[in-house]
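Student: Each residue of the sequence shown is one higher than the one before, counting from 3 in my numbering. Sharing a structure below in structure tokens format, with a few things to ask.
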Amino acid sequence: MVFYSEVSIANLSEILIGLITWPKHPLSVDHAEKYVTEIRIVCDALDSKIFHFNTQFTLHKSYGTKVHTYRKSKQTSWYIIYNLDRHGNVYIQRILSNHTTTID
3 MVFYSEVSIA NLSEILIGLI TWPKHPLSVD HAEKYVTEIR IVCDALDSKI
53 FHFNTQFTLH KSYGTKVHTY RKSKQTSWYI IYNLDRHGNV YIQRILSNHT
103 TTID
């Protein structure tokens with residue numbers, strides 16, 4: 003099963019609002035909702051993954067031990083930070099973009 007922390011749910015809402023109010027190129031509400039739904043679909047499938055990658059960036063490590071990178075476009079990737087329990091349940095902690103992740 004996949005579980006979402008309150009923070010990760012807030013992250014999805016923030017992504018939606020950010021896409022709608024993006025000064026450079028705002029998306030329509032419908033397009034922004036589809037965009038966030040695509041991220042959610044990726045998140046919901048994490049429990050079926052065979053291999054789970056360890057977090058590499060210090061920022062990501064502060065939120066969880068595993069990361070899935072969802073490359074949405076040439077410019078934007080989404081990092082889904084999560085933990086696994088011994089039963090394979092996924093606990094999503096944060097959803098961050100490459101634009102907010104610093105390389106260390």
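By construction, the Cβ of each residue, glycine as well, lies at the ideal position given by its N, Cα and C atoms.
Excluding the 5 residues preceding and the 5 following Ser7 in the sequence, name in chain order all residues of the same chain whose CB lies nearer than 8 Å to its CB.
Tutor: Here the set comprises Tyr93, Ile94, Gln95 and Arg96.
Student: Decide if Ser80 is buried, meaning its Cβ has at least 16 other Cβ atoms within 10 Å, or exposed.
Tutor: The sequence as given places Trp at residue 80; Ser does not occur at that position. Its Cβ being crowded by 16 or more others within 10 Å, Trp80 is buried.
Student: Do three or more CB pairs link the segment 46-55 to the segment 85-92 at distances below 8 Å?
Tutor: The segment 46-55, when compared against the segment 85-92, does touch it at the 8 Å Cβ threshold.
Student: With DSSP as the reference, label Ile97 as helix, strand or coil.
Tutor: Ile97 falls in the strand class under three-state DSSP.
Student: Going by DSSP, name the residue or residues bridged to Asn56.
Tutor: Lys68, per the DSSP bridge assignment.
Student: With a CB to CB cut of under 7 Å and the five nearest residues on each side skipped, what residues in its chain are close to Val4?
Tutor: The residues are Cys45, Asp46, Leu48, Asp49, Val92 and Ile94.
Student: Please return the same chain residues whose Cβ sits closer than 6 Å to the Cβ of Leu98, not counting the five positions on each side in sequence.
Tutor: So the list reads Tyr81, once near-sequence residues are dropped.
Student: For Asn13, name the three-state secondary structure that DSSP assigns.
Tutor: Helix, per DSSP.
Student: So Thr57 and Thr71 are in contact, right, with Cβ under 8 Å, and what is the actual spacing, rounded?
Tutor: No, Thr57 and Thr71 are not in contact; Cβ-Cβ is about 11 Å, not under 8 Å.
Student: Let me confirm a value: His62 is counted as buried when at least 16 other C-beta atoms fall within 10 Å, else exposed. Which label applies?
Tutor: Buried is the call here.
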